[in-house]
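Protein chains in written order, with the numbering used here: chain Z, 5 to 609; chain F, 5 to 609.
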């Protein structure tokens, strides 16, 4: 077949293009293009995981298999199963994030919400000034201020940190340079025509995502995710707080670990795009409250014990140099508002990114982690709470649990009585990550292998006695990448029951507080890494999410990161952020009437 | 004589009281009270130096000797010679600073101008807050801000440095504490009822004067003067700038020397009054421009070479902790505006203290040092310049010159053809300080021992050939505290001619610029240590000061220090300071037309 006879397939939003034969499926095209679409059944049409949407072009007619797996709404919206769709012309295909396997789904991706650069707190002016003389002996700063004024910019003060080198810099630049202002404050003096950069960081307890942004063209130039190095001082923040409080210089050590990692990250991000870290003139960092305090070296003892009090919930601007960050000496780090000890600015950034503060819809938004923060927006009020959902969905406290990395079972489905699993990077299974365990428990429950209390039906194939109680074999030792069978135990199921119960209780109490029913929720936003990959169907199936039409769910990826980028680019969004936080009614679940009862009621699968 | 027959003499402003017999003179009373009134002739009525003013009470009638030494105006104002005044009743005596010998005249004293505490940038509030609970989980800062708000104080932000300890502090104080605000910013949290302190520092090239101030009662609690330790890196700022610029870490070393000395000073000032340095919540530092830059570790290279450009002339607030000062972690150092490379904030502080900015009089104010800064205020405009007067008046470049300390000849007068000298602390003469050399040159000129070019009349007793040219013997080896005669040489006289010519040239050019005659000067303010002790008569005699009525001269002591205290206590004065600086027309003398000619013309004695 000649090249011209091949049909062209464009994959969006990934932006990859491939040419295939008309008897090759869209799934095959994706595989050839290196796009890892989930296909638990290997393309046999038995799992229904490889959903894609046909954006333009003509393809083979809808098969019966597809009719079985796709809802009426999905069919109307041109959804197909990639394994059953064959091109009849060039096609444009949309790959929804839920159909991608983990390694493709960058946890850095979030919804796009980038603002106009004229609203940025940072403004640059390229200046070319006359040299000082005996008859024009104005001080260096006065000369610069007046130069800025002639360009229509008001500069009333100069960051002390840049004063330390200002005189030498402007002379080195021979009075031709780029002046960078943060509102009315001079914060950097850079070579003429320098790119003006900002850094948005989402610092989670486990992961850090950083985005290097060109503040003038409002574009992310490079991005990178790393593990929070504080993890070696405790997987969860409670352990880290205990460490910080009980070790001499514990706080300083935790801060230093973080700063060192961030400085490496900054160096790498800049090297990647050939820019200098001194061009980073503004940073936005969003964190949970404990990480926020560790980052700033604030006291955490009071945060670790009842009633879990933050030192500060207001937004704050801290000199980057004071924190030890290797960026422009005059740069500030802006940290948005925290709400409470267990609802931090990362949740707020997520809310801002999703636009919840602007919408009049009844909207619920949550970010699942060891603590799950939930907000409900209804008629101008926002109700927020934090649930102690535990680390089960991060793979902890699960016998074969692991983080979402190569070899982790990330998807699972019962097909013809067999549990089909898919691993990240299609490697041999070595454990189960959050989305995998959710799928497994959902599938076991749906197929009756476990009952509503989580107990196994011992008659079922692959259910076998374990050291204590029973377990279900997912992958035999021979097929696994380890020296043991990969199983899910009765205790694992219990962990999931506890986690989902905690989350559902938060959802229920917020609804109760707002006097609403689940069906009143018009949009249900699920954010964060795990939230992006989880199967909403299975979350509903085990009762973690309310049973409302699936179209109302929106999985938005790392919206906290997007919110951080938005806050970097938009000054007015920072004002919005303050206003949003004032509208929040924080609900302390543990002191809520009936909390215990609701929690217990939610323990049924 | 019974105690009740004794007459009581009160000395003001020193505040000492003594009882004497009616046949004892006021001078004897002063000597008994330990007050060192100048009396070159030893109380014989031949020097006229021991002028005092009778404030109340009756004394012996005016003697002929007194009529000879006192002007008509002085007689009208009840001036007397202490050696010739005997009490007829209890007396209240005012001792003018010029009649006191150095050791009594604290260089820390200045004119008094202390403001009302309600205008202070610092405000304190004693709070007693409720403990956080699960149902009131506001962050620590929010709790404090709301507590302040209930007390009528707006607090919108918290200094980052105090956040690092805020949570621990308020718990240690059991939520009962003193919150200190700097305008809308929380800068300190102290134990309840703490005294709120400020520090005013006048950092000269040679000397540092520091004042510990209670900001609420507007009172100086303790004060101390020390030598600027940077002196070991160069007596003058030019040498120090060269050092800073040519040595690795030169700038850092100079800054560190200064900070270490200031920290010692702070400790001593606080110890003296039993207060803690963490109670110092605000600092005002006034310096010349070079010292200002050294203090802040700013670049100085461009300040050391033509056209002598400061990095900054605006006022600036720098976190005290950033400079390494051991005071409240949230304290700021306020540094008022500089005018130019050789007119610093110390001169501005002096102008503020003298009230020049508020007066409509034609006023000249100057502060004599290695550089002499002069300002002329006339019809709303201020003309300022700096003269390179050299260190002669600081005792340098004078063969037997020394600083104003024990054993220095500080006063001299020709009496009956003999040069009578007085030393500091009445010890044997070991050298000559600034006020002494001025008196000596003035007396030598007045008595015709030298001519207008400074050449000796070789016929006069005590004039003898020296290694080069001639010299005048002041004190013989046998009477001196050294192993040599104390003399003044032709070269010494030349140094004084150069110095006085530089100063007078500055005065003349400012007058010329404002189109005024010397006689238009309504008030002539002489500030600074040397300025306080110098004899205005002799300054006029050698042509350093214009020959205007002596009553128009006002010697104000360390007005820069007073200005610093005022700026510490008054927020509105800081605004005045900005305004004042905008009104200044800086005149660069070296590029002024006819500068050389005027300078040469002024070289006649």
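C-beta atoms are modelled at their ideal positions from N, C-alpha and C, and glycine is treated no differently.
Predicted model, so just to flag it, every value in this text is computed and none were measured.
How would you label residue 578 of chain F, buried or exposed, when you count the other beta carbons within 10 angstroms and need 16 or more for buried? Residue 578 of chain F sits at position 574 when you count from the first residue of the second chain. By the neighbour-count rule (16 or more Cβ atoms within 10 Å), residue 578 of chain F is buried.
Name the chain F residues that come within less than 8 angstroms of residue 68 of chain Z, Cβ to Cβ? Numbered from 1 along the first chain, position 64 holds the residue referred to as residue 68 of chain Z. Ordered by position in chain F, no residue passes the 8 angstroms Cβ test against residue 68 of chain Z, which lies about 57 angstroms from the chain.
Contact set for residue 496 of chain Z: own chain, Cβ-Cβ below 6 angstroms, skip 5 residues either direction: The count along the first chain starts at 1 and reaches residue 496 of chain Z at position 492. Counting only residues of its own chain and dropping the five nearest sequence neighbours on each side, residue 496 of chain Z has a CB closer than 6 angstroms to the CB of 402 and 403.
Chain Z within 9 angstroms of residue 581 of chain F, Cβ atoms only: The residue you call residue 581 of chain F lines up with position 577 of the second chain. No, residue 581 of chain F lies away from the interface with chain Z (no Cβ there is under 9 angstroms from its Cβ).
Say the cut is 8 angstroms; is the CB of residue 221 of chain Z nearer than that to a heavy atom of the ligand PLP? Because no ligand of any kind appears in the structure shown, any question about the ligand PLP cannot be addressed here.
Starting from the C-beta of residue 47 of chain F, find all residues in its chain whose C-beta is less than 6 angstroms away, skip the five residues before and the five after it, and write them out in chain order. Locating residue 47 of chain F in the second chain gives position 43, counting from the first residue. Correct list, in chain order: 31 and 87.
Residues near residue 474 of chain F by beta carbon distance below 7 angstroms, same chain, minus five either side: As a first step, residue 474 of chain F must be located in the second chain, where it is residue number 470. Counting only Cβ-Cβ distances below 7 angstroms, and skipping sequence neighbours, we find 460, 462, 467, 468 and 494.
Check the C-beta distance from residue 250 of chain Z over to residue 139 of chain F and give it rounded, since I have them as a contact under 8 angstroms. As a position in the first chain, residue 250 of chain Z is number 246, starting the count at 1. As a position in the second chain, residue 139 of chain F is number 135, starting the count at 1. No, residue 250 of chain Z and residue 139 of chain F are not in contact; Cβ-Cβ is about 29 angstroms, not under 8 angstroms.
Can you give me the Cβ contacts of residue 277 of chain F inside the same chain, cut-off strictly under 7 angstroms, excluding the 5 residues immediately before and after it? The count along the second chain starts at 1 and reaches residue 277 of chain F at position 273. Contacts found: 216, 225 and 226.
Is the Cβ-Cβ distance between residue 352 of chain F and residue 585 of chain F less than 9 angstroms? Counting from 1 along the second chain, the entry for residue 352 of chain F is found at position 348. Counting from 1 along the second chain, the entry for residue 585 of chain F is found at position 581. Yes, the pair counts as a contact, with Cβ atoms nearer than the cut-off.
Under the DSSP definition of a beta bridge, which residues are partnered with residue 128 of chain F? Taking the first residue of the second chain as position 1, residue 128 of chain F is located at position 124. Looking at the DSSP assignment, residue 128 of chain F forms a beta bridge with F:184.
Residues of chain Z with CB under 8 angstroms from residue 175 of chain F, in chain order? Translated into positions along the second chain, residue 175 of chain F becomes position 171. Simply 306.
Which residues does DSSP pair with residue 40 of chain Z in a beta bridge? Sequence index remark: in the first chain, residue 40 of chain Z carries index 36 (1-based). None; residue 40 of chain Z has no bridge partner.
Using DSSP with H/G/I as helix, E/B as strand and the rest coil, what is residue 233 of chain F? On the second chain, position 229 is the one that residue 233 of chain F refers to. Here residue 233 of chain F sits in helix by DSSP.
Could you check if residue 183 of chain F is buried or exposed, using at least 16 other CB atoms within 10 Å of its CB as the buried criterion? For the purposes of this step, residue 183 of chain F is identified with residue 179 of the second chain, where counting begins at 1. A residue is called buried once 16 or more other Cβ atoms fall within 10 Å of its Cβ, and residue 183 of chain F is buried on that count.
Comparing C-alpha positions only, which one of Z:271, Z:248, Z:309 and Z:409 sits nearest to residue 533 of chain Z? Translated into positions along the first chain, residue 533 of chain Z becomes position 529. It is Z:409 whose Cα lies nearest to the Cα of residue 533 of chain Z.
Partner residues on chain Z for residue 301 of chain F, Cβ-Cβ distance less than 7 angstroms: If you number the second chain from 1, residue 301 of chain F lands on position 297. Neighbours of residue 301 of chain F on chain Z, chain order: 168.
Residue 374 of chain Z, DSSP secondary structure in three states: Your numbering for residue 374 of chain Z matches position 370 in the first chain. DSSP places residue 374 of chain Z in coil when its eight states are reduced to three.
For residue 320 of chain F, which of helix, strand or coil comes out of DSSP? Position 316 of the second chain, counted from the start, is the residue given in the question as residue 320 of chain F. Of the three classes helix, strand and coil, the one that applies to residue 320 of chain F here is strand, per DSSP.
Excluding sequence positions up to five away, which residues of its chain have a Cβ less than 7 angstroms from the Cβ of residue 199 of chain Z? For the purposes of this step, residue 199 of chain Z is taken as the residue at position 195 of the first chain. The answer, listed in chain order, is 218, 279 and 283.
So residue 162 of chain Z contacts chain F; which residues on that side make the cut at Cβ distance below 7 angstroms? Counting from 1 along the first chain, the entry for residue 162 of chain Z is found at position 158. Within 7 angstroms Cβ-Cβ: 316.
Should the segment 341 to 355 of chain Z be regarded as contacting the segment 307 to 315 of chain Z, the criterion being three or more beta carbon pairs within less than 8 angstroms? yes
For residue 541 of chain Z, report the span of its alpha helix (DSSP H) as first-last. Working through the first chain from its first residue, we reach residue 541 of chain Z at position 537. Element bounds for residue 541 of chain Z: 540 to 545.
So, is the C-beta of residue 605 of chain Z closer than 9 angstroms to a C-beta in chain F? Here residue 605 of chain Z corresponds to residue number 601 of the first chain, with the count starting at 1. Not flagged as an interface residue toward chain F: residue 605 of chain Z, since no C-beta distance is shorter than 9 angstroms.
Within 10 Å of its beta-carbon, does residue 100 of chain Z have 16 or more other beta-carbons around it, so buried, or fewer, so exposed? Here residue 100 of chain Z refers to the residue found at position 96 of the first chain. Classification of residue 100 of chain Z: exposed, given that the 10 Å Cβ count is below 16.
Would you say the segment 535 to 542 of chain Z touches the segment 557 to 568 of chain Z, given that touching needs at least three Cβ pairs under 8 angstroms? yes
List the residues of chain F that residue 145 of chain Z touches, going by C-beta distances under 8 angstroms, in chain order. Here residue 145 of chain Z is taken as the residue at index 141 of the first chain, counted from 1. Here the neighbours are 315, 316, 317 and 318.
Buried or exposed (CB count within 10 angstroms, at least 16 for buried), residue 188 of chain F: As a working mapping, residue 188 of chain F is identified with position 184 in the second chain. Answer is exposed; the Cβ neighbour count stays below 16.
Would you please verify whether the beta carbon of residue 342 of chain F is less than 9 angstroms from any beta carbon of chain Z? On the second chain, residue 342 of chain F is found 338 positions in, with the first residue counted as 1. Output row for residue 342 of chain F: interface = yes.
Burial state of residue 551 of chain Z, where buried means 16 or more other Cβ atoms lie within 10 Å: For the purposes of this step, residue 551 of chain Z is identified with residue 547 of the first chain, where counting begins at 1. That one is exposed.
Are the C-beta of residue 52 of chain F and some C-beta of chain Z separated by less than 9 angstroms? For this step, residue 52 of chain F is matched to residue 48 along the second chain. Residue 52 of chain F does not count as touching chain Z.
As an exercise, report each continuous beta strand (DSSP E) stretch of at least 3 residues that is fully enclosed by the segment 194 to 247 of chain F, in chain order. 201 to 207, 211 to 218 and 223 to 231
Indicate the three-state DSSP secondary structure (helix, strand or coil) for residue 277 of chain Z in the structure shown. Position 273 of the first chain, counted from the start, is the residue given in the question as residue 277 of chain Z. Correct three-state label for residue 277 of chain Z: helix.
Any beta carbon from chain Z within less than 9 angstroms of residue 111 of chain F's own beta carbon? As a working mapping, residue 111 of chain F is identified with position 107 in the second chain. With a pLDDT of 43 at residue 111 of chain F, under the threshold of 50, the modelled position of this residue cannot be trusted; read the value that follows with caution. Chain Z contact via Cβ: absent.
Interface flag, residue 284 of chain Z vs chain F, CB-CB below 9 angstroms: Position 280 of the first chain, counted from the start, is the residue given in the question as residue 284 of chain Z. No, its Cβ sits nowhere closer than 9 angstroms to a Cβ of chain F.
Which residues in the same chain have their Cβ closer than 7 angstroms to the Cβ of residue 517 of chain F, if we skip the five residues on either side of it in sequence? For the purposes of this step, residue 517 of chain F is taken as residue 513 along the second chain, with counting starting at 1. Here the set comprises 387 and 591.
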